[in-house]
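Report on one structure; see the data block that follows.
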Amino acid sequence: MLWVLDPNARQGLAAQVASQVRRGLVDGELTAGDLLPSSAELAQVLGVNANTVLAAYRSLRDEGLLEFRRGRGVRVRHDAEHDAKVLQAAREFAEVAAEFGYTADHFPELMRRAGATI
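Heads up: the sequence shown is residues 1459 to 1576, going by the working numbering.
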């Protein structure tokens, strides 16, 4: 997987690292159980501070996509591939809804009208 960051992008570096991991999950380049590089290793390759990578990893852990294991590194969770796809769709849904003035309060009704059964 090729990691590319743009220091001039509107999105912060940690968010870009997290986006790269999410993209890898959605595209199938990362799969359940895959070991990610340590924050220090990835930071050196990307030319950023290790805390930047660690912040990205933590946000992905909080999303339920990664798991940290002391002495075993950072791995993709077993159900992360599915979660990543659903989270990506939810982000896109929220972005489109926001463009048309909808808020999170409108989401249940929009989902019902879309025929969602969840």
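Just so it is clear, CB atoms sit at the ideal spot from N, CA and C, and this is done for glycine as well. Please read these numbers as outputs of a predicted model, since none were measured by experiment.
Item                                                                                                             : Value
First and last residue of the uninterrupted beta strand (DSSP E) at V1534                                        : 1531-1534
Residues that DSSP places opposite R1519 in a beta bridge                                                        : Paired residue(s): none; R1519 is not in a bridge.
Range covered by the alpha helix (DSSP H) that runs through R1570                                                : 1565-1571
Spatial neighbours of G1491 in its chain, beta-carbon cut-off 8 Å, leaving aside the 5 residues before and after : R1533, V1534, H1536
Closest Cα partner of W1461 within the set L1493, S1496, A1467, L1504                                            : L1504
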